[in-house]
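Report on one structure; see the data block that follows.
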Amino acid sequence: MIRIASGFLACLAALVATAGQVQAGLILFGIQDDGRIAQNLPYGPTAITEADSAFLSTLVGSQSHDRWFQRAVDGAGNTLYEIDWQFSTTKTVAERFQDAVSVGESVTWTVTSPLIMGSQILLGTWRFSDGAGNMTSKFSGSGSVFSDDDGIWGAGTGLIDGDFNSNINNWTWGYGNYDGQDTYVGSIISNGTLRLNGATQS
3 MIRIASGFLA
13 CLAALVATAG
23 QVQAGLILFG
33 IQDDGRIAQN
43 LPYGPTAITE
53 ADSAFLSTLV
63 GSQSHDRWFQ
73 RAVDGAGNTL
83 YEIDWQFSTT
93 KTVAERFQDA
103 VSVGESVTWT
113 VTSPLIMGSQ
123 ILLGTWRFSD
133 GAGNMTSKFS
143 GSGSVFSDDD
153 GIWGAGTGLI
163 DGDFNSNINN
173 WTWGYGNYDG
183 QDTYVGSIIS
193 NGTLRLNGAT
203 QS
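Residue numbers (the working numbering): 3 to 204.
Take a look at the structure:
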């Protein structure tokens, strides 16, 4: 899910456990905002709710799943889009991120939004960011920098990788630290890129 208010954008993601798993249902694991998306995103073994600040909960690291759910809302609570992520394999969250960074994850995304009629089904390979670093170590610790370099939470066709400017046209919906969109003033300030139906938003 994503919350957007004047100058505030947060992305919230929840995983849907594989059918038959003990923890079937939605488990919130990530919230992003306009300053904490991937590179400045705090993480650690703490449970979160939709009322919390930007954070990635590593408590879900060992959770097996084959689907994620993502929502974006503005500051008034209006939904911008919802994305159902259907992966081609069942993995733990830690494995999913590590493999996304190292080789890419095959995903079928189903997007619904007030901006379109019905839904869009998009097929692609999600890399998050091939420069994100060792994701396995992130799920066994805590810190203030989840990704070493960039990261996209979103859907599209073909390759979706936050570390490559050349594939931005493949990225249709979502929010992320896109390559070249970071500002460095002392420490990393992560400026977010929002894509709605293939258009980069100001």
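Beta carbons: idealized from backbone N, C-alpha and C, even for Gly.
Asked	Found
On a CA-only basis, which of L117, W87, Y45 is nearest L61? Give me that one, please.	Y45
Would you call L58 buried or exposed, if buried means 16 or more other Cβ atoms sit within 10 Å of its Cβ?	buried
Taking the beta strand (DSSP E) that Q100 falls in, what are its first and last residues?	Counting along the chain, Q100 falls outside any beta strand (DSSP E), though it belongs to the alpha helix (DSSP H) covering 95–104.
Skipping 5 residues on each side, what residues in its chain have a beta carbon closer than 7 Å to that of G200?	T174
Straight-line CA distance for V109 to G37?	27 Å
Count the other C-beta atoms from every protein chain shown that fall within 10 angstroms of the C-beta of A134, then say buried if there are 16 or more, exposed otherwise.	buried
Following the continuous alpha helix (DSSP H) through S131, name the residue where it begins and the one where it ends.	Careful: S131 lies outside any alpha helix (DSSP H) and carries neither H nor E.
Alpha carbon to alpha carbon, how far is S131 from G176?	14 Å
Helix or strand or just coil, what does DSSP make of L117?	coil
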